[in-house]
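If you count the sequence shown from 1, position 200 lands on 200 in the UniProt record's numbering, and the numbers rise without skipping.
Think of the CB as a built atom: it goes at the ideal place given N, C-alpha and C, for glycine as much as any other residue.
The structure displayed is predicted, hence computed values, not measured ones.
A short write-up of the structure that comes next.
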Amino acid sequence: MVKNKKQTISLIVGIFSTFLIGISNAMAYVPAGNVGFSWQIGKFVKPYNNTGLTNLTFRFTVNKNTLHATGTYFAQQFYFNNSGNQGNGAYTGLQPQYDINGKQYLRAVFSSFIANSTTTDPNCSNGADGGPGVSCGVVFPTTYGHNYKMTVKKTTGNTWSGDLQDEQTGQTVHIGSWTLPSTVSNLQTSGSGFAEYYAFYKVGFPQFVVPSCNLLAKISVFYGPVTSTDFGGAIGNTSKMYFPFEYNTDCIGSLSNFSSKTVSTKINITPYQLTGYGYQIERGWVSTIQ
1 MVKNKKQTIS LIVGIFSTFL IGISNAMAYV PAGNVGFSWQ IGKFVKPYNN
51 TGLTNLTFRF TVNKNTLHAT GTYFAQQFYF NNSGNQGNGA YTGLQPQYDI
101 NGKQYLRAVF SSFIANSTTT DPNCSNGADG GPGVSCGVVF PTTYGHNYKM
151 TVKKTTGNTW SGDLQDEQTG QTVHIGSWTL PSTVSNLQTS GSGFAEYYAF
201 YKVGFPQFVV PSCNLLAKIS VFYGPVTSTD FGGAIGNTSK MYFPFEYNTD
251 CIGSLSNFSS KTVSTKINIT PYQLTGYGYQ IERGWVSTIQ
């Protein structure tokens, strides 16, 4: 009986010690957090008749001092009309990758979160972030600092394609394609963007945390104006209502090295030149892996 009591006490002490170690480890992490903002198409060359858009082009420049490692994601979210209770969201964007033999890479992403989305595209698979939808992605060689246009467009029926073009070299990359349920209609004229810290760049840490704020991966990204060729051409601004802001983090402001500024950009949509506004977003400290 005494031996069993000692074993029980030892077991309780062991569990409690494990619990304390867990707390200690948890306290060693801080939430890395994200940056969010919004965008809205506000200027059409021809009258907009509220039928939605058949294409959108998002612009990204991942600057050279961004850490060349997995763990961060720069995306624009867009939404569809008349999706009912199936969900209406999707996103596209770029994820830094590790250099290989001195060559630089990014991963382009194009995902639907709408239930009953389907795909036959070899770059895609069923499911998105553990839920319904379709996820597409492709790793491609890059030069950090180049300007990329990422276009979402309706092709045939209710199939949508995600494609990328390097504005400096003309290089094009097909990211993926998926087909939405027939009840889902065209694109909405507003959405939101984010810069996400989804993983630490060194192994052994849970998602969405860093050991300390001064170990945040450095990001330096320009999110350009959003455009469409519909209705004679249209341009949208990163919304003045929702300037970039940090969320889900203790690493804010000077602790995260966060800053943002609005940048005016002229976009040619033949035969017009339209002016829109984008955001230059900076955050984090670590630009090279030691």
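Considering residue i, what are the terminal residues of the beta strand (DSSP E) in which it resides?
i, result
"Lys-153", "147–154"
"Lys-202", "Taken as a continuous stretch (DSSP letters only), Lys-202 belongs to no beta strand (DSSP E), as it is neither H nor E."
"Leu-106", "104–112"
"Leu-56", "55–62"
"Phe-74", "72–79"
"Cys-136", "131–142"
"Ile-41", "34–44"
"Tyr-48", "Segment: none, Tyr-48 is in no beta strand (DSSP E) and carries neither H nor E."
"Leu-67", "Where Leu-67 is concerned, there is no enclosing beta strand (DSSP E), given that its DSSP letter is neither H nor E."
What do you get for residue i, buried or exposed, if any count of 16 or more other CB atoms within 10 angstroms of its CB means buried?
i, result
"Val-252", "Per the sequence shown, the amino acid found at residue 252 is Ile instead of Val. Label assigned to Ile-252: exposed."
"Pro-96", "buried"
"Glu-282", "buried"
"Gly-172", "Before going on, a small fix: residue 172 reads as Thr here, not Gly. Counting Cβ neighbours within 10 Å, Thr-172 comes out exposed, since fewer than 16 surround it."
"Val-203", "exposed"
"Tyr-279", "buried"
"Ala-199", "buried"
"Phe-245", "exposed"
"Leu-11", "In this predicted model, Leu-11 has a pLDDT of only 38, less than 50, meaning its place in the structure is not dependable enough to derive any value."
"Thr-270", "exposed"
Which one of the options has the shortest CA to CA distance from residue i?
i, options, result
"Lys-153", "His-146, Val-209, Ser-228, Asn-214", "Ser-228"
"Gly-162", "Gly-131, Asn-186, Ser-112", "Ser-112"
"Gly-157", "Thr-54, Ile-100, Asn-85", "Thr-54"
"Thr-155", "Gly-145, Pro-206, Phe-140, Trp-178", "Trp-178"
"Thr-183", "Ala-108, Thr-159, Thr-189", "Thr-159"
"Pro-225", "Val-286, Gly-102, Lys-218, Ala-234", "Ala-234"
"Asn-123", "Gln-207, Ser-259, Val-138", "Val-138"
"Val-263", "Gly-176, Asp-250, Ser-125, Asn-237", "Asn-237"
"His-174", "Lys-149, Leu-255, Tyr-144", "Lys-149"
Okay, do the region 181–193 and the region 29–43 touch, 3+ Cβ pairs below 8 Å being the bar? Short answer: they touch.
Assess, as a yes-or-no matter, whether the region 126–139 is touched by the region 77–85 under the definition of 3 or more beta carbon pairs within less than 8 Å. no
At 3 residues or longer, what runs of the beta strand (DSSP E) sit wholly inside the region 198–286? 219–223, 226–228, 234–238, 245–247, 259–269, 272–283
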